[in-house]
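Participant: Residues 59 to 684 (my numbering) make up the first sequence, in order. We treat Cβ as the ideally placed atom computed from N, Cα and C, and that holds for glycine. No experiment lies behind these values; they were computed from the predicted model shown. Supplied in structure tokens, the structure appears directly below.
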Amino acid sequence: MTRKGSAVQIRSRLPSPLMHAVTGGWTVQGSGMIVRYPDGSEQEIAAKEEAVEVYRHSTAHLMALAVSELYPEAHLGIGPATSDGFYYDFQRPSPFTEEDIRKIDEKMRELIREDLPYQPMIWDKEKAVRFFAERGEELKVELIKEKAGDRLSCYRVGNLVDFCLGPHVQSTGKLGAFKLLNVAGAYWRGNENNPQLQRIYGIAFLTEEEVQAYLDRLEEARKRDHRKLGRDLDLFSVHEEAGAGLIYWHPKGALLRYEMEQFLRSEQVERGYQFVEIPHIAKSDLWRRSGHYDFFRQNMYVFEIEEDDYGIKPMNCPGHILIYRTKLHSYRDLPIRLAEFGTVYRYEKSGVLHGTLRVRGFTQDDAHIFCTPEQAYDEVLGVLDLAELVLKTFGFDRYEVDLSTWDPEHTEKYAGGAADWAHAEQALQRALEKKGYEYRRMVGEAAFYGPKIDVKLIDALGRAWQATTVQFDFNLPQRLEVHYIAPNSKPHPVIMIHRALFGSLERFIALLLEHYAGALPLWLSPVQVLVIPISERFLAPAETVALELKQVGIRARLDDRNEKMGFKIREAQLQKIPYMLVVGQKEVQEKTVSVRNRFEGDLGPRPLAAFVEEIRRHIQQRSTRP
RNA sequence: GCCAGCGUAGCUCAGUGGUAGAGCAACUGAUUCGUAAUCAGUAGGUCGUCGGUUCAAUCCCGACCGCUGGCUCCA
59 MTRKGSAVQI RSRLPSPLMH AVTGGWTVQG SGMIVRYPDG SEQEIAAKEE
109 AVEVYRHSTA HLMALAVSEL YPEAHLGIGP ATSDGFYYDF QRPSPFTEED
159 IRKIDEKMRE LIREDLPYQP MIWDKEKAVR FFAERGEELK VELIKEKAGD
209 RLSCYRVGNL VDFCLGPHVQ STGKLGAFKL LNVAGAYWRG NENNPQLQRI
259 YGIAFLTEEE VQAYLDRLEE ARKRDHRKLG RDLDLFSVHE EAGAGLIYWH
309 PKGALLRYEM EQFLRSEQVE RGYQFVEIPH IAKSDLWRRS GHYDFFRQNM
359 YVFEIEEDDY GIKPMNCPGH ILIYRTKLHS YRDLPIRLAE FGTVYRYEKS
409 GVLHGTLRVR GFTQDDAHIF CTPEQAYDEV LGVLDLAELV LKTFGFDRYE
459 VDLSTWDPEH TEKYAGGAAD WAHAEQALQR ALEKKGYEYR RMVGEAAFYG
509 PKIDVKLIDA LGRAWQATTV QFDFNLPQRL EVHYIAPNSK PHPVIMIHRA
559 LFGSLERFIA LLLEHYAGAL PLWLSPVQVL VIPISERFLA PAETVALELK
609 QVGIRARLDD RNEKMGFKIR EAQLQKIPYM LVVGQKEVQE KTVSVRNRFE
659 GDLGPRPLAA FVEEIRRHIQ QRSTRP
């Protein structure tokens, strides 16, 4: 799963919207779970992962049975296991209330006590279709018609019969460690145009302890929620009167962004990137030519100035292209790498907004690489190298890598020709393999304009969010005539690679906060050192200490409030300030400061110069700890 | 956008068809303190907004705004 020396992790194939499974604690040989296959045969499952999946799936059936008994008017959708539980979709005229969920939970436990068997049956397709049609289970009929062969399996538990591949546990008495969590609307078969069903989510594990552990972790996750940390640490705010999905960065948050930008700016300059700046709005002429009005208009904010239509930029690419196009470029000039911390605005549906993870205005650490086809592979590799440095520097060791390719069945949906796509995919794939990353190939997941590599990071609740992205673009160079002069002195279309490493600063900061539970690495901490005089009598020497720290570029603050030291330390701890320096009688006499670290507590006194040396080293090295 | 839940002081949360409370934070004063909360006092809310029902609405109903968990979509 994890390649030696790298840190790639692929999550289970059916991700839950909630958290990952709690693992560990499984010591017995074999799972001890006997499952029943469609042909009636039984077998003990050895692997815990498989056992728990069956357990969850059977719990989903149990829930469907409970629902069908309590609410006979409810019809069945699908009910799979997820990475930490299960869900089942129901079609019902009135929504499930929280009271309904409680009743369903109770009913399930009652049915467990009845120890009802899961009985497999092999039916003819015709019989199954008739059976479900008679029961009014039209969704099941649709599924069977589409998915089943001539013979198919169904399972009966109580009065519930479900079209299902199995296997299942022997009887409901084997189940019990579960909890129903919430109800959500979910479109039938994931299509927005289909009717919306009601999905009931639950968690299920092999033991009650694991269920509890999961709930505890949910509670823990709430504490590292970036929205809470952002407020508590005074980093950013969102304002109802100003609009949803628009982030206001406070001084401390802005400082964090500044540090991140400084870091990445210098790394990019070292690697031959050049920084540009472009306006935030452009006339519709540009968006029309770029194709954004055809493909992205529903996400754009448009308005009018003196009878001309304008659009706020949803992407930086056309702007960078305008700069590239101001002169003819020889193949000798390439690659040209134009970078910008570019703020873009996109209309996002209100229901998808989420803290700073999904917003309507955000700043990308964007760059566009203009190169020749021959240079593409090296450029992609260079981007991946830099991406790895970024993720490592910020302490991320858990991420997913996807290679999104086009759908070869529907090539007409895409810009660019087959040769372009093949060449680009190969460059991406070769670079991934060179880096030794384990990745998932996502066929048909490419943008219409080109294939891409995405790196996704995981939030506190286990949800994956795209950060780094490397995308080829066959659309813009063509539409906006982006060329270079080849050795044969003819213009050739340039290869354009769009890339972002943080993805967006807003999103990356959210993930960073959740990753560190707010205790940001020293070099990123808005306040690095808090100087605490023991009482007002030592205000003057403490002030001197703070001043000396500031003079050498350390972000130090003095807590000059008339409070007890313990109180100040408590607040500093809650603010996750990396170092606290206590100054009192002893320190003044001995010409030292007493150092306290947020993780290690009191480290004792030492000369200020020694402390400065140590902390500057950590800052310079961008240590992720302390 | 859709489904469900929620919106009371800066924060966390009580509460009621008869115009609202606690803790923390803030402010004032006292205290001058040795590694996660010193004590006392003061002030602070058109109960998200707008409409409706009612003699009377923070509470009941509706719309809108915003937030949360999903779905669809995405950096």
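Which residue's Cα is closest to the Cα of residue 128: 134, 107, 161?
Facilitator: Residue mapping note: residue 128 aligns to position 70 of the first sequence, counting from 1. Looking at the Cα atoms, 161 is the closest of the given residues.
Participant: On the premise that residue 525 lies in contact with residue 516, defined as a C-beta separation below 8 Å, what is that separation, rounded to the nearest angstrom?
Facilitator: Locating residue 516 in the first sequence gives position 458, counting from the first residue. Locating residue 525 in the first sequence gives position 467, counting from the first residue. Not confirmed; about 10 Å, so no contact.
Participant: Go through its chain and collect everything with a Cβ distance to residue 638's Cβ below 7 Å, but skip five positions before and after it.
Facilitator: Reading the first sequence from its first residue, position 580 is the one you call residue 638. The answer, listed in chain order, is 588, 590, 627, 630, 654.
Participant: Can you look up residue 222 in the DSSP assignment and give me helix, strand or coil?
Facilitator: For the purposes of this step, residue 222 is identified with residue 164 of the first sequence, where counting begins at 1. Residue 222 falls in the coil class under three-state DSSP.
Participant: For residue 384, tell me which candidate among 541, 594, 514, 171 has the shortest Cα-Cα distance.
Facilitator: Position 326 of the first sequence, counting from 1, holds the residue named residue 384. It is 541.
Participant: Provide the residue span of the alpha helix (DSSP H) that contains residue 114, from first to last.
Facilitator: Start at 1 with the first residue of the first sequence, and residue 114 comes out as number 56. From DSSP, the alpha helix (DSSP H) with residue 114 extends over 106-128.
Participant: Can you list, in chain order, the stretches of the alpha helix (DSSP H) that have 4 or more residues and sit fully within the stretch 265-345?
Facilitator: Runs of the alpha helix (DSSP H) inside the stretch 265-345: 266-281, 284-290, 309-328.
Participant: Which residue wins for smallest C-alpha separation from residue 464, given the options 431, 369, 444, 505?
Facilitator: Indexing the first sequence from 1 puts residue 464 at position 406. Out of 431, 369, 444, 505, 505 has the C-alpha closest to the C-alpha of residue 464.
Participant: Taking C-beta to C-beta, are residue 532 and residue 478 nearer than 8 Å?
Facilitator: Your numbering for residue 532 matches position 474 in the first sequence. Your numbering for residue 478 matches position 420 in the first sequence. Going by C-beta atoms, residue 532 is nearer than 8 Å to residue 478.
Participant: Under 8 Å: do the stretch 137-144 and the stretch 103-122 share three or more Cβ pairs, one atom per stretch?
Facilitator: These segments touch.
Participant: Hey, residue 557 and residue 527: beta-carbon distance below 8 Å or not?
Facilitator: Within the first sequence, numbered from 1, the residue matching residue 557 stands at position 499. Within the first sequence, numbered from 1, the residue matching residue 527 stands at position 469. Yes.
Participant: Under DSSP, the alpha helix (DSSP H) around residue 674 begins and ends at which residues?
Facilitator: For the purposes of this step, residue 674 is taken as residue 616 along the first sequence, with counting starting at 1. Note, residue 674: alpha helix (DSSP H), 666-679.
Participant: From which residue to which residue does the alpha helix (DSSP H) around residue 190 run?
Facilitator: Taking the first residue of the first sequence as position 1, residue 190 is located at position 132. Here the alpha helix (DSSP H) through residue 190 covers 183-192.
Participant: If we count the other Cβ atoms within 10 Å of its Cβ and call it buried at 16 or more, is residue 669 buried or exposed?
Facilitator: On the first sequence, position 611 is the one that residue 669 refers to. Counting Cβ neighbours within 10 Å, residue 669 comes out buried, since at least 16 surround it.
Participant: Please say whether residue 563 and residue 318 have beta carbons closer to each other than 8 Å?
Facilitator: Here residue 318 corresponds to residue number 260 of the first sequence, with the count starting at 1. Here residue 563 corresponds to residue number 505 of the first sequence, with the count starting at 1. For residue 318 and residue 563, yes; Cβs fall inside 8 Å.
Participant: According to the neighbour-count rule (16 or more other Cβ atoms, all chains shown, within 10 Å of its Cβ), is residue 671 buried or exposed?
Facilitator: As a working note, residue 671 is residue 613 in the first sequence. When all chains shown are included, residue 671 counts as exposed.
Participant: Quick check on the DSSP output: the alpha helix (DSSP H) that includes residue 453 runs from which residue to which?
Facilitator: Taking the first sequence and counting its residues from 1, one reaches residue 453 at position 395. From DSSP, residue 453 is part of no alpha helix (DSSP H); its letter is neither H nor E.
Participant: At the level of alpha carbons, what is the spacing between residue 61 and residue 371?
Facilitator: Working through the first sequence from its first residue, we reach residue 61 at position 3. Working through the first sequence from its first residue, we reach residue 371 at position 313. Confidence in residue 61 is poor, its pLDDT being 25 and thus under 50, which makes the residue's placement too unreliable to answer from.
Participant: Which of helix, strand or coil does DSSP assign to residue 613?
Facilitator: As a first step, residue 613 is located in the first sequence; it is residue number 555 there, counting from the start. Coil.
Participant: At which residues does the alpha helix (DSSP H) containing residue 243 begin and terminate?
Facilitator: Reading the first sequence from its first residue, position 185 is the one you call residue 243. That residue, residue 243, is in no alpha helix (DSSP H); its beta strand (DSSP E) goes 236-245.
Participant: Which value, in whole angstroms, describes the spacing of the CA atoms of residue 412 and residue 257?
Facilitator: As a position in the first sequence, residue 412 is number 354, starting the count at 1. As a position in the first sequence, residue 257 is number 199, starting the count at 1. Their backbone Cα atoms lie some 21 Å apart in a straight line.
Participant: Could you check if residue 409 is buried or exposed, using at least 16 other CB atoms within 10 Å of its CB as the buried criterion?
Facilitator: Within the first sequence, the letter at position 351 stands for residue 409. Residue 409 comes out exposed.
Participant: Within the chosen definition, does the stretch 140-153 reach the stretch 234-252 through at least 3 CB pairs nearer than 8 Å?
Facilitator: In short, these stretches touch, since the Cβ pair count reaches three.
Participant: Unbroken beta strand (DSSP E) runs of length 3 or more, entirely within the stretch 631-667: which are they?
Facilitator: Those beta strand (DSSP E) runs which fall completely within the stretch 631-667 and span 3+ residues are 637-641, 651-655, 659-664.
Participant: Could you tell me the alpha carbon to alpha carbon distance between residue 79 and residue 192, rounded to whole angstroms?
Facilitator: For the purposes of this step, residue 79 is identified with residue 21 of the first sequence, where counting begins at 1. For the purposes of this step, residue 192 is identified with residue 134 of the first sequence, where counting begins at 1. With a pLDDT of 32 at residue 79, under the threshold of 50, the modelled position of that residue is not reliable, and no figure is offered here.
Participant: Please identify the residue among 684, 677, 683 whose C-alpha is closest to the C-alpha of residue 321.
Facilitator: In the first sequence, residue 321 corresponds to position 263, counting from 1. When only C-alpha atoms are compared, the closest one is 677.
Participant: Rounded to whole angstroms, what is the Cα-Cα separation between residue 378 and residue 448?
Facilitator: Here residue 378 corresponds to residue number 320 of the first sequence, with the count starting at 1. Here residue 448 corresponds to residue number 390 of the first sequence, with the count starting at 1. In a straight line, the C-alpha of residue 378 is about 23 Å away from that of residue 448.
Participant: Closer than 8 Å is the cut-off here; do at least three beta carbon pairs connect the stretch 389-408 with the stretch 326-333?
Facilitator: Segments in contact, yes.
Participant: Let me know the alpha helix (DSSP H) ranges lying completely inside the stretch 450-521, each 4 residues or longer, listed in chain order.
Facilitator: Within the stretch 450-521, the complete alpha helix (DSSP H) runs of at least 4 residues are 476-493.
Participant: What residue does the beta strand (DSSP E) around residue 402 start on, and which one ends it?
Facilitator: Here residue 402 refers to the residue found at position 344 of the first sequence. From DSSP, the beta strand (DSSP E) with residue 402 extends over 394-403.
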